[in-house]
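Counting from 459, one number per residue, gives the positions in the sequence shown under the numbering used here.
Beta carbons: idealized from backbone N, C-alpha and C, even for Gly.
Below is one structure, written out as structure tokens, with a few remarks after it.
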Amino acid sequence: MKIYASRVKDIEEKEYEDIFSMLDSSRRDKIHRMKNNAERNRSIMAGLLLRYAFLGEGYTTQDWKKVQIEQGKYGKPILKGYVGLHYSLSHSGDWVLCGMDSEPIGVDIQQMRPYRMELAARFYHENEYQRLCAITDEEDRCSQFYQMWAAKESYAKLTGRGIGGGIDRYVTEENYGRITDRETLVSAFMKIYHTISNHIVSVSSYQDEFTQQIMMITDNELRNME
459 MKIYASRVKD IEEKEYEDIF SMLDSSRRDK IHRMKNNAER NRSIMAGLLL RYAFLGEGYT
519 TQDWKKVQIE QGKYGKPILK GYVGLHYSLS HSGDWVLCGM DSEPIGVDIQ QMRPYRMELA
579 ARFYHENEYQ RLCAITDEED RCSQFYQMWA AKESYAKLTG RGIGGGIDRY VTEENYGRIT
639 DRETLVSAFM KIYHTISNHI VSVSSYQDEF TQQIMMITDN ELRNME
């Protein structure tokens, strides 16, 4: 398992042509339809980070140029033809995140902002809401709120089911070691990272083996990876 993170950079119009040639075809098509510059930049950086992670597995740029991304079960994106290579992407604030593993993986990053407990009451499982209510330190409660949210998102990406059915169905253990879908009763292991200032990262996997670090990748490293 490898987890990569990179800061989102403003991309100038004159840079698009060179950068687009580094992206997979499905992402290029999606970016062309985007009208919001910030959203476009995040998607471009996520695509570059995925390329970096792919090449980091020992594949060549020629292999990457042939990559096709298709939808697997429940619509989860997969690398067509690469059975033993799984990935997951996320972005929040000024950061993009990519997880790569030989087994299914789900990653999520959440920027910690002011939050409302009403959201926890509405969207979290009752046990989780009560855990938050019992925390008296506001900074700790904010961190726990986003740990729960990131955990649910990463699990939803692991399974591919998404959060359309409600995130209260995904219930975290108090120590954030496991998370369970209370409808299917399928559990997964998870790990929380506090590596990036003011952000929470969660990784979910069916295997209880996690990397201990997140690799920070610069914009130059993304563009010059061969």
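Item	Value
DSSP three-state assignment for F668, whether helix, strand or coil	coil
Straight-line Cα distance separating E684 from K657	The question names Lys, yet the displayed sequence has His at residue 657. Spanning the two alpha carbons is a distance of roughly 30 Å.
contact_flag[the region 605 to 613, the region 660 to 670] where n(CB pairs < 8 Å) is 3 or more	yes
From R465, K534, K524, residue whose alpha carbon lies closest to that of S501	R465
As assigned by DSSP and simplified to three states, the class of Q526	coil
I563 versus E473: straight-line alpha-carbon distance, rounded	32 Å
Minimum length 4: unbroken alpha helix (DSSP H) runs contained in the region 462 to 489	474 to 478
Segment contact, 8 Å Cβ cut-off, at least three pairs: the region 564 to 583 with the region 507 to 522	no
Unbroken alpha helix (DSSP H) run spanning G505, endpoints	495 to 514
For R640, the nearest candidate out of G557, Q529, I650, Y613 (CA to CA)	Y613
Run of the beta strand (DSSP E) containing R681, from where it starts to where it stops	No beta strand (DSSP E) holds R681; the alpha helix (DSSP H) holding it covers 677 to 682.
K615, buried or exposed, once every other Cβ within 10 Å from all chains shown has been counted against 16	buried
Contact set for T519: own chain, Cβ-Cβ below 8 Å, skip 5 residues either direction	L513, E684
Endpoints, the alpha helix (DSSP H) within which L590 is located	584 to 591
Three CB pairs or more closer than 8 Å across the region 586 to 596 and the region 637 to 651	no
Identity of the residue in M459, I489, G551 nearest E515 by Cα	M459
Selected residue, minimal CA-CA separation from V629, among H652, D666, Y587, H549	Y587
Run of the alpha helix (DSSP H) containing L543, from where it starts to where it stops	Where L543 is concerned, there is no enclosing alpha helix (DSSP H), given that its DSSP letter is neither H nor E.
Between the CA atoms of V541 and Y462 - distance to the nearest angstrom	21 Å
Where the beta strand (DSSP E) through L537 begins and ends	535 to 537
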